[in-house]
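So the protein lines, in turn, are chains A and B.
With the numbering used here applied, the first sequence covers 27 to 238.
With the numbering used here applied, the second sequence covers 599 to 624.
C-beta: ideal position from N, C-alpha, C; glycine also.
Take a look at the structure set out below.
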Amino acid sequence: MGCFHSKPSQHAAGYEDPVALASDTTFSVSEIEALYELFKKISSSVIDDGLIHKEEFRLALFKNSKKENLFADRVFDLFDVKRNGVIDFGEFVRSLSVFHPNAPLEDKIDFAFQLYDLRRTGFIEREEVKQMLIALLSESDMKLSDDVIETILDKTFAEADTNNDSRIDKEEWQNFVLRNPSLMKNMTLPYLKDITTAFPSFVFNSEVEDVA
Amino acid sequence: AKPNPMNAFELISTSQGLDLSALFEE
Numbered sequence: 027m028g029c030f031h032s033k034p035s036q037h038a039a040g041y042e043d044p045v046a047l048a049s050d051t052t053f054s055v056s057e058i059e060a061l062y063e064l065f066k067k068i069s070s071s072v073i074d075d076g077l078i079h080k081e082e083f084r085l086a087l088f089k090n091s092k093k094e095n096l097f098a099d100r101v102f103d104l105f106d107v108k109r110n111g112v113i114d115f116g117e118f119v120r121s122l123s124v125f126h127p128n129a130p131l132e133d134k135i136d137f138a139f140q141l142y143d144l145r146r147t148g149f150i151e152r153e154e155v156k157q158m159l160i161a162l163l164s165e166s167d168m169k170l171s172d173d174v175i176e177t178i179l180d181k182t183f184a185e186a187d188t189n190n191d192s193r194i195d196k197e198e199w200q201n202f203v204l205r206n207p208s209l210m211k212n213m214t215l216p217y218l219k220d221i222t223t224a225f226p227s228f229v230f231n232s233e234v235e236d237v238a
Numbered sequence: 599a600k601p602n603p604m605n606a607f608e609l610i611s612t613s614q615g616l617d618l619s620a621l622f623e624e
């Protein structure tokens with residue numbers, strides 16, 4: 027397996043060597059090459075420039091490039107580590123690595139904290155949680171009165187905000203998540219364990235001699 | 599354990615935008 031190498035590499039800007047990426051992440055070289063097949067598909071869906079634009083990210087998630095969603099935009103912004111408005115291949119792989127079933131739980135907890143810390147203050151504030159609840163309601167048919175939302179916030183903060191300062195710090199978040207592990211369900215993508223099966227064509231594009 | 603509907607983060611985590619498994623679907 028893996029003898030389909032020795033062709034000149036033609037990669038878009040932002041491409042990173044799979045061997046280097048494998049040493050930095052939970053993925054094997056083969057898995058990274060398979061992820062490149064997925065990356066090529068997503069990054070060429072609207073603008074074929076080897077970078078994932080927000081519209082392409084939305085299209086991959088919702089089958090609709092115009093659908094606005096606070097959470098998808100937050101995920102995009104966290105993947106866009108260089109904060110230049112696009113996701114390159116290295117950013118894609120490094121960020122997805124956190125979602126691998128074998129990635130450390132601590133990394134998943136930390137990523138979720140950043141996701142919910144909308145204003146990047148180092149705390150998840152009550153106003154931010156309210157904003158996220160309202161965003162969630164607007165994407166579903168669920169209707170909750172402001173009183174009910176405030177009650178949910180009271181209960182959540184009574185449990186999570188142990189020092190009662192109306193915001194959740196990193197340590198409080200870690201303790202809260204450990205008591206409520208279902209909150210981390212979205213932070214693991216079982217697909218990532220089978221990525222080479224999902225994109226077997228990576229073998230034909232492999233530039234690495236031993237991809238086994 | 600059953601999800602607690604009074605936990606704001608349980609509710610938020612049901613958002614479609616947080617389900618990245620859709621990236622892997624055809």
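- Contact between the segment 96-103 of chain A and the segment 123-134 of chain A is absent, with fewer than three C-beta pairs closer than 8 angstroms.
- Check the Cα spacing between residue 108 of chain A and each of A:77, A:133, A:132 and A:81: the tightest is with A:77.
- For residue 153 of chain A, the enclosing alpha helix (DSSP H) starts and ends at 152-165.
- Residue 82 of chain A counts as buried, since no fewer than 16 other beta carbons sit within 10 angstroms of its beta carbon.
- Selection A:184, A:199 and A:162 evaluated against residue 611 of chain B yields A:162 as nearest (Cα-Cα).
- Neighbourhood of residue 211 of chain A in chain B, by CB distance below 7 angstroms: 611, in chain order.
- At a cut-off of 8 angstroms between C-beta atoms, residue 201 of chain A does not count as an interface residue with respect to chain B.
- Residue pairing for residue 79 of chain A: DSSP places it in a beta bridge opposite A:112.
- Residue contact with chain B for residue 165 of chain A: present (Cβ-Cβ distance below 8 angstroms to some residue of chain B).
- Listed along chain B are 602, 604, 605 and 606, each with a C-beta nearer than 9 angstroms to that of residue 181 of chain A.
- Collapsing the DSSP output to three states places residue 84 of chain A in a helix.
- About 5 angstroms separates the Cβ atoms of residue 47 of chain A and residue 119 of chain A, confirming a contact at the 8 angstroms cut-off.
- Non-local C-beta neighbours of residue 206 of chain A in its own chain, meaning closer than 6 angstroms and more than five positions away in sequence, are absent.
- Note that the segment 48-64 of chain A touches the segment 219-231 of chain A; at least 3 beta-carbon pairs, one per stretch, sit closer than 8 angstroms.
- Among the CB atoms of chain B, none fall inside 8 angstroms of the CB of residue 58 of chain A.
- When the five nearest sequence neighbours on each side are left out, the beta carbons in the same chain lying within less than 6 angstroms of the beta carbon of residue 68 of chain A are those of 78, 82 and 86, in order along the chain.
- Among the residues facing chain B, residue 97 of chain A is included, as its CB has a counterpart in that chain under 8 angstroms away.
- Between residue 112 of chain A and residue 91 of chain A a beta carbon distance of about 14 angstroms is seen, past the 8 angstroms cut, so the two are scored as non-contacting.
- Residue 178 of chain A reaches chain B at 603, 604, 605, 606 and 609, counting residues in chain order whose Cβ is nearer than 9 angstroms.
- When the five nearest sequence neighbours on each side are left out, the beta carbons in the same chain lying within less than 8 angstroms of the beta carbon of residue 203 of chain A are those of 135, 138, 209 and 210, in order along the chain.
- Contact annotation: residue 116 of chain A and residue 57 of chain A have beta-carbon atoms that are not nearer than 8 angstroms.
- Under the Cβ distance rule, residue 139 of chain A does not count among the residues neighbouring chain B, no pair being separated by less than 8 angstroms.
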